[in-house]
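Residue numbers (UniProt numbering): 1 to 514.
Positions of the beta carbon are idealized from the N, C-alpha and C atoms, including for glycine.
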Amino acid sequence: MAGKEAKGADGGAKGGSNKGKKKEVKKETGLGLTNKKDENFGEWYSEVVVSGEMIEYYDISGCYVLRPWAMSIWEIMQEFFDAEIKKMKIKNCYFPLFVSPGVLEKEKDHVEGFAPEVAWVTKSGKSDLEVPIAIRPTSETVMYPYYSKWIRGHRDLPLRLNQWCNVVRWEFSNPTPFIRSREFLWQEGHTAFATKEEADAEVLDILELYRRIYEEFLAVPVIKGKKSELEKFAGGLYTTTVEAFIPNTGRGIQGATSHCLGQNFAKMFEINFENEKGEKAMVWQNSWAYTTRTIGVMIMVHGDDKGLVLPPKVAATQVIVIPVPYKDADTQGILDACAATVKTLSESGIRAEADFRDNYSPGWKYSHWEMKGIPLRIEIGPKDLANKQVRVVRRDNSAKSDIPMDSLVEKVREVLDEIQQNLFSVAKQKKEACIKVVKTWEEFLEALSQKKLILAPWCDEEEVEKSVKERTKGEMGAVKTLCSPFDQPELPEGTLCFASGKPAKKWSYWGRSY
Ligand code: 87F
């Protein structure tokens, strides 16, 4: 991959105009993707995360290097979410990475199904550890013994903690950068309340923050809803989710989950308190998480054949300023104008940089920054200098316009907002065009073969869901319920389940998923 950035990849004459020669430049420099999003999605994705400088592959399968371009997206979302949960009086903490086997197994039921994914440390140096130590796949069993210790009376409630950390789950099905990796970053919130009402309310408050991360930051539309009994977190009472959809593969993807745990863990870990009446009571708990998967979903939804497409709100650099010097022109004047442009934008809070590297041509830089998905490019050449203007080029739709220097900040801000809006509305339209309402099994199979996001009336019976899984399993993976949307269309009296023919109880989204 290093070859892609090899020096001497000098697209066309240095300082020359490359306008209209973009294709040639790409060929010469080896920039550009070899796979197309619509033809070879999986290969396209692997290529775009590396060429866009988000990921570097690692010599342990399922593990990836998060490069600064990706990490800065994580940090921007983190800054938002962290501030929001602090407003809700949730506090950050940090519990250890290592879990003793006793603690991990304390809560057998919920860990059992996950056991094959738990990674263990068995040695220090050459000698075997007396007791192997697990690496946290999630922290219920790590944290809840302390909740039991710290919660005594109703005045200790609510207890609302969050931690930002990494977790390890030794997955065996095909690893994908961001989407399914063996180690990933997340926040995990774990809260305890005196009443179910408080817990219920928080579940939805957190889910709303997850929706905002996807829709307002990543410009990815999501569906809020409830998981089926089969798909919920088995240790909890109910699971709410934000579900996204990848039109190219026709697959749903769980974006983030907010669980009400009920009192299941309180029972197991004896998290009791004395209520206001002096009686012994059990707490009500929630847990909730979003992970670096968010970044993968964003890449899959917005990326195109030229590379990444980053929404301005999460791009580390929102504007790249590229000098376009010309033979006899005032090169220093152009460079100064670029520097001044960056300074003006930066001072007004717009994240801008200039690419002054003199070993790359402007054309090469255009392709390079397109590959990295930078929302807006500013070109400054002799004509722009003379006219006291800059040329701006949008990454989302390639639209070009000239803006006068004296309205730079105002106009750039406007265009960035438009890009953010446009990415969201295009993604939403695409998603909505994929939704297919089906009433019968035949329609369901037809929609499935067309990679649709299926909305169907369902009897809400687990056996039926299992049979749908069974009847659709194969190379592509089985179909499952993604969620039952909070926003339920009307369900006329007498509507039947698409799969069982029994009376339908609710509308549910179905599909293959990640
Ligand atoms: C893998 C190995 C061991 C998922 C696992 O969703 C245990 C688990 O408990 C496990 N994979 N889970 C479920 C995690 C549930 C819950 N934890 C806190 C969340 C949100 C954050």
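Item	Value
Indicate the three-state DSSP secondary structure (helix, strand or coil) for GLU232 in the structure shown.	The identity of residue 232 in the sequence shown is Lys, whereas the question assumes Glu. LYS232: coil per DSSP, three-state reduction.
Report the three-state DSSP secondary structure of GLN263 (helix, strand or coil).	coil
Should THR138 be counted as a contact of ligand 1 given a C-beta to heavy atom distance under 7 Å?	yes
If you check the beta carbons only, do PHE245 and LEU31 fall under 8 Å apart?	no
With three or more C-beta pairs closer than 8 Å as the rule, is the stretch 313–330 touching the stretch 352–367?	yes
Between the C-alpha atoms of LYS506 and ILE223, what's the straight-line distance to the nearest angstrom?	15 Å
If you measure between the beta carbons of HIS154 and PHE273, is that distance less than 8 Å?	yes
Hey, quick one: how far does the beta strand (DSSP E) through SER508 stretch, first residue to last?	506–513
Any chance the CB of TRP288 is under 7 Å from a heavy atom of ligand 1?	yes
Tell me the rounded alpha-carbon separation between VAL188 and ARG160.	The sequence given here places Glu at residue 188; Val does not occur at that position. Going by the C-alpha atoms only, they are around 11 Å apart.
Would you mind stating whether residue 520 and GLN389 have Cβ atoms separated by less than 8 Å?	Past the boundaries of the shown model lies residue 520; the chain is included only from 1 to 514, so the question cannot be answered.
Tell me whether ARG182, by its Cβ, gets closer than 7 Å to a heavy atom of ligand 1.	no
Only counting runs of 3 or more residues, tell me where the beta strand (DSSP E) segments fall wholly within the stretch 397–441, in order along the chain.	400–404 and 435–437
Which value, in whole angstroms, describes the spacing of the CA atoms of MET476 and LYS451?	11 Å
For GLU229, verify whether its CB is less than 7 Å away from any heavy atom of ligand 1.	no
Using the DSSP secondary-structure output, state which residues sit across from SER498 in a beta bridge.	Correcting the residue identity first, residue 498 is Phe in this sequence and not Ser. None, per the DSSP bridge assignment.
Suppose contacts are defined by Cβ-Cβ distances below 8 Å. Is VAL479 in contact with LEU455 by that definition?	no
Give me the residue from GLU461, HIS259, TYR214 and ARG394 with the minimum Cα distance to PHE81.	TYR214
Kindly indicate which three-state DSSP category ASN275 falls into: helix, strand or coil?	coil
Since VAL301 and VAL220 are thought to touch, with beta carbons under 8 Å apart, how far apart are those beta carbons, to the nearest angstrom?	5 Å
Please check the pair GLU462 and GLU229, which I expect to be a contact at CB under 8 Å, by giving their CB distance rounded to whole angstroms.	6 Å
Name the two residues that bound the continuous alpha helix (DSSP H) containing PRO457.	Unbroken run through PRO457 is the beta strand (DSSP E), 453–458; no alpha helix (DSSP H).
Ends of the alpha helix (DSSP H) at ASP358?	Premise fails: ASP358 is in no alpha helix (DSSP H) and is neither H nor E.
Near GLY304, which residues of its chain fall below 7 Å by C-beta distance, leaving aside the five closest residues on each side in sequence?	The identity of residue 304 in the sequence shown is Asp, whereas the question assumes Gly. If we look at ASP304 and ignore the five residues flanking it on each side, its Cβ neighbours are LYS37.
Can you tell me where the beta strand (DSSP E) holding LYS108 begins and where it ends?	Where LYS108 is concerned, there is no enclosing beta strand (DSSP E), although the alpha helix (DSSP H) it sits in stretches over 108–112.
Thinking SER508 and THR472 are a contact (beta carbons under 8 Å), I'd like their distance in whole angstroms, please.	Contact doesn't hold; Cβ gap of about 15 Å is too wide.
Would you check whether ligand 1 has a heavy atom nearer than 7 Å to the C-beta of PHE172?	no
Who are the Cβ neighbours of ALA194 in its own chain at under 6 Å, not counting the five residues just before and after it?	HIS154 and LEU157
If distances are taken between C-alpha atoms only, which option among ALA316, GLU370 and ASP328 comes closest to ALA352?	ALA316
In angstroms with no decimal places, state the Cα-to-Cα distance between ALA70 and GLN488.	36 Å
For the structure I just gave you, are there three or more beta carbon pairs, one from the stretch 487–504 and one from the stretch 243–263, closer than 8 Å?	no
Rounding to the nearest angstrom, what Cα-Cα distance links TRP186 and MET88 in this structure?	19 Å
With 16 as the cutoff for other CB atoms within 10 Å, does residue 522 come out buried or exposed?	For residue 522 there is no data in the structure shown, the boundaries of the chain being 1 and 514.
With C-beta atoms as the reference, is PRO137 less than 8 Å away from SER61?	no
Taking LEU308 and PRO375 to be in contact with their CB atoms under 8 Å, please state how far apart those CB atoms are, rounded to whole angstroms.	Their Cβ separation, rounded to whole angstroms, is 10 Å, which puts LEU308 and PRO375 out of contact at 8 Å.
Leaving out five residues on either side along the sequence, give the residues of the same chain with a beta carbon under 8 Å from the beta carbon of LYS22.	Summary for LYS22: the model assigns pLDDT 44, below 50, so the residue's position carries little reliability, and this model does not support an answer.
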